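S.K.: Dumping the structure here so I can ask a few things about it.
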Amino acid sequence: MDTELRSRSCVVRDFRAEDAPSLSRHANNRKVWLNLRDLFPHPYTEAHAAGYIAHVRKRAEILSFAIDVGGEAVGSISLRRGEDIERYTAELGYWLGEDFWGRGIISQAIGDVTERGFALHGLIRIFAVPFTRNVASCRVLEKNGYAREGLMRQSAFKDDVVEDQYLYAALRDEFLSNR
Numbered sequence: 332m333d334t335e336l337r338s339r340s341c342v343v344r345d346f347r348a349e350d351a352p353s354l355s356r357h358a359n360n361r362k363v364w365l366n367l368r369d370l371f372p373h374p375y376t377e378a379h380a381a382g383y384i385a386h387v388r389k390r391a392e393i394l395s396f397a398i399d400v401g402g403e404a405v406g407s408i409s410l411r412r413g414e415d416i417e418r419y420t421a422e423l424g425y426w427l428g429e430d431f432w433g434r435g436i437i438s439q440a441i442g443d444v445t446e447r448g449f450a451l452h453g454l455i456r457i458f459a460v461p462f463t464r465n466v467a468s469c470r471v472l473e474k475n476g477y478a479r480e481g482l483m484r485q486s487a488f489k490d491d492v493v494e495d496q497y498l499y500a501a502l503r504d505e506f507l508s509n510r
């Protein structure tokens with residue numbers, strides 16, 4: 332089943348092999364990298380993008396999507412499902428190329444993917460853990476009905492700095508009743 336969630340600002344869709352050049356161009360940005368896990372490489376090459384796309388496309392359950400603006404993959408949004416007793420929970424992760432910041436694109440993508448996660452994948456809780464310094468990310472989560480549940484002090488180490496993170500979460504029943 333192909334995923335294509337259309338909104339006024341973007342399309343959230345399955346990755347395609349031909350997305351690699353665009354994806355690498357937008358991902359190869361230190362400002363983007365500073366807000367992501369170290370699993371996300373920097374510099375980010377076309378080979379990294381191609382490898383990621385191939386990895387995502389062979390999963391049994393597709394939970395990682397391209398954020399498409401004007402026919403070009405300019406970011407990514409994913410749900411990482413928990414395991415064992417947390418199997419109905421997923422972590423939300425996302426990034427968007429700097430040229431597209433401040434246009435409401437990531438906010439729309441978060442809403443679409445959150446709704447999909449609850450409606451089609453049986454999730455009951457979706458959470459995100461942005462760095463406390465990433466005010467824009469916190470705002471878009473709140474705008475989409477995610478509640479700040481806590482402060483995770485000194486929970487991450489990024490670019491040689493110990494960082495605090497917030498814990499945000501959306502619950503299926505609350506989220507779907509407010510849509």
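Residues in the sequence shown are numbered from 332 upward in steps of one, following the numbering used here. Virtual Cβ for every residue (Gly too), placed ideally from N, Cα, C. If you're wondering where the values come from, they're calculated on a predicted model, not measured in any experiment.
1. Give me the Cα-Cα distance between Ile393 and Leu507, rounded to the nearest whole angstrom.
2. Assuming Ala440 is part of the alpha helix (DSSP H), what are its boundary residues?
3. Could you please give me the residues that DSSP links to Gln496 through a beta bridge?
4. So, Glu498 versus Glu480, is the Cβ gap smaller than 9 Å?
5. If you run the structure through DSSP and keep just helix, strand and coil, what is Gly424?
6. Within the continuous beta strand (DSSP E) that includes Arg411, where are the two ends?
7. Just reading off the alpha helix (DSSP H) that Glu505 is part of, what are its end residues?
8. Rounded to the nearest angstrom, what separates Gly424 and Tyr477 at their Cα positions?
9. Considering Gln356, what are the terminal residues of the alpha helix (DSSP H) in which it resides?
10. Near Gly413, what residues of its chain come up, given a Cβ to Cβ distance below 6 Å and the 5 sequence neighbours on each side ignored?
11. Could you please give me the residues that DSSP links to Val342 through a beta bridge?
12. Considering Arg298, what are the terminal residues of the alpha helix (DSSP H) in which it resides?
M.R.: Checking against the coordinates, here is how it stands:
1. 21 Å
2. Ile436 to Leu451
3. Gln496 is bridged to Phe462 and Met483.
4. What sits at residue 498 in the sequence shown is Leu, not Glu. Closer than 9 Å, so yes.
5. The three-state secondary structure of Gly424, taken from DSSP, is strand.
6. Glu403 to Arg412
7. Arg503 to Ser508
8. 13 Å
9. The sequence shown places Arg at residue 356, rather than the Gln named in the question. Looking at the DSSP string, the run of the alpha helix (DSSP H) that includes Arg356 is Ala351 to Ala358.
10. Thr420
11. According to DSSP, which records beta bridges pairwise, Val342 is partnered with Arg337 and Asp399.
12. With the chain represented from 332 up to 510, any question about residue 298 goes unanswered, as that position is not in the structure.
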